[in-house]
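155 is the number of the first residue of the sequence shown in the numbering used here; add one for each residue after it. Built from N, CA and C at the ideal position, the CB exists for glycine as well. Here is the structure we will look at.
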Amino acid sequence: MRWLDNFGERMARRVATTSSRRSVLCSIGKVLVGSAFIMPVLPVARAGGKSTDLEQATDEELASCDYWRYCAVDGFLCSCCGGTATTCPPGTTPSPISWVGTCHNPNDGKDYLVSYHDCCGKTACNRCLCSSQTRERPGYEFFLHNDVNWCMANENSTFHCTTSVIVGLAKN
Numbered sequence: 155m156r157w158l159d160n161f162g163e164r165m166a167r168r169v170a171t172t173s174s175r176r177s178v179l180c181s182i183g184k185v186l187v188g189s190a191f192i193m194p195v196l197p198v199a200r201a202g203g204k205s206t207d208l209e210q211a212t213d214e215e216l217a218s219c220d221y222w223r224y225c226a227v228d229g230f231l232c233s234c235c236g237g238t239a240t241t242c243p244p245g246t247t248p249s250p251i252s253w254v255g256t257c258h259n260p261n262d263g264k265d266y267l268v269s270y271h272d273c274c275g276k277t278a279c280n281r282c283l284c285s286s287q288t289r290e291r292p293g294y295e296f297f298l299h300n301d302v303n304w305c306m307a308n309e310n311s312t313f314h315c316t317t318s319v320i321v322g323l324a325k326n
């Protein structure tokens, strides 16, 4: 094992003679900045999966504010604005930040976590306006409040419509 100690000492001395604290800090900074650009493109495993109700929903249900998954929506439904309940219309981009609601599906009797994303970049759709305050919290609890322009994180902060993506079953 003496050879491992000698190898480790040689490598440590080589690094010490060819680098400074400033260059090490610079390298660490480059890694951190580089990871900030890589992380958003990595795949993310979503909990659960699609509920069986999604395949059974009709266009009329998806365009109605009474549909169960819109229990905490506040805005124009993307399903009426050229997109779907889960995707933004062409020419818009989803906001990277969102609010989450817990909605009860009467078809299976289960509660689901639903993530609401605003689609940004075009003027407001002005069709199928829904404003539900089910379990809404006061405005000072920013992440639980749906009366916020969530497009503020986008390059173009103009609000167009809102999608509702089922994240998974709510745990009691």
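Other residues of its chain near residue i: CB distance less than 6 Å, five sequence neighbours each side excluded
i, result
"residue 316", "227, 229, 270 and 272"
"residue 319", "240 and 269"
"residue 258", "265"
Neighbourhood of residue i by C-beta distance below 7 Å, restricted to the same chain and skipping five residues each side
i, result
"residue 324", "256, 265, 266 and 267"
"residue 310", "274 and 275"
Exposure of residue i, with buried meaning 16 or more beta-carbon neighbours within 10 Å
i, result
"residue 188", "exposed"
"residue 184", "exposed"
"residue 198", "Low confidence applies here, because residue 198 scores a pLDDT of 46, under 50, leaving its location unreliable and the question unanswered by this model."
"residue 237", "buried"
"residue 219", "exposed"
"residue 158", "exposed"
"residue 174", "exposed"
"residue 186", "exposed"
"residue 285", "exposed"
"residue 252", "buried"
"residue 166", "exposed"
8 Å contact criterion, which residue i and residue j should meet: CB distance rounded
i, j, result
"residue 225", "residue 247", "Contact doesn't hold; Cβ gap of about 25 Å is too wide."
"residue 260", "residue 222", "6 Å"
"residue 231", "residue 180", "With 8 Å as the limit, residue 231 and residue 180 do not qualify as a contact, their Cβ atoms being about 49 Å apart."
"residue 279", "residue 235", "4 Å"
Proximity winner among the options, relative to residue i (alpha-carbon distances)
i, options, result
"residue 307", "173, 249 and 176", "249"
"residue 277", "171, 310, 160 and 314", "314"
Cβ shell of residue i (< 8 Å), same chain only, five flanking positions each side left out
i, result
"residue 216", "231, 233, 238 and 239"
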